[in-house]
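First the structure, in the form of structure tokens, and then the observations on it.
In my numbering, the protein residues as written are 8 to 184.
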């Protein structure tokens, strides 16, 4: 397992530092709502750091654990987004964490840059407007913010941050055990 930690947060970290940083991220993810105490950049960077180190089954298991922490409405919104933006089809009205995790694992293996690439290649702002009703957001304000597109806009969405950050946190928890 130590080899999995090696370089997790960059080549300069030793295993003790990597373990500490991973535990800090996990603790902040666990404290409160899944998206509250982690930043967009942390969610993306940590997801990218662990996703390439996991087998498809490990990714699926980590995703299922992360999706269990999300509300049914948030899971349905995530399924709808993945269904609309990938070649993987899923019953978007379902809110089953394991089914959504299976879909996520398939997206990760089929998309050129995995799930992070799919979320980042949104062009027109992606999930923000679609999810504003779920999140109770201001539709006009969300549409204005979506103009730039790309990963930065996508991760400003708490559901995307919770998904990427959650998968990373669940995987890190397994790695540091």
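By construction, the Cβ of each residue, glycine as well, lies at the ideal position given by its N, Cα and C atoms.
Query, Result
"Output the boundary residues of the alpha helix (DSSP H) element that contains residue 90.", "79-92"
"DSSP three-state label for residue 114, please.", "helix"
"Could you tell me which of 109, 81 and 117 sits nearest to residue 93, measuring between CA atoms?", "117"
"Look at the alpha carbon of residue 40 and the alpha carbon of residue 75, and state the distance between them as a whole number of angstroms.", "12 Å"
"Which of the three DSSP states, helix, strand or coil, is assigned to residue 201?", "The first residue shown for the chain is 8 and the last is 184, placing residue 201 beyond what the model contains."
"For the candidate residues 90, 182, 102 and 101, whose alpha-carbon lies nearest to that of residue 125?", "90"
"Under a three-way DSSP split, which group does residue 104 fall into?", "helix"
"Could you say which of 178, 173 and 179 lies nearest to residue 43 if we only look at CA atoms?", "173"
"Could you name the residues of the same chain whose beta carbon sits closer than 7 Å to that of residue 115, not counting the 5 residues immediately before and after it, in chain order?", "58, 66, 121 and 122"
"Tell me whether the beta-carbon of residue 51 lies closer than 8 Å to the beta-carbon of residue 178.", "no"
"Taking the alpha helix (DSSP H) that residue 40 belongs to, which residues open and close that run?", "Segment: none, residue 40 is in no alpha helix (DSSP H) and carries neither H nor E."
"Determine the DSSP secondary structure at residue 44, reduced to helix, strand or coil.", "coil"
"Provide the residue span of the alpha helix (DSSP H) that contains residue 168, from first to last.", "165-183"
"Using three-state DSSP, classify residue 109 as helix, strand or coil.", "helix"
"Taking 8 Å as the cut-off, decide whether the C-beta atoms of residue 82 and residue 68 are in contact.", "no"
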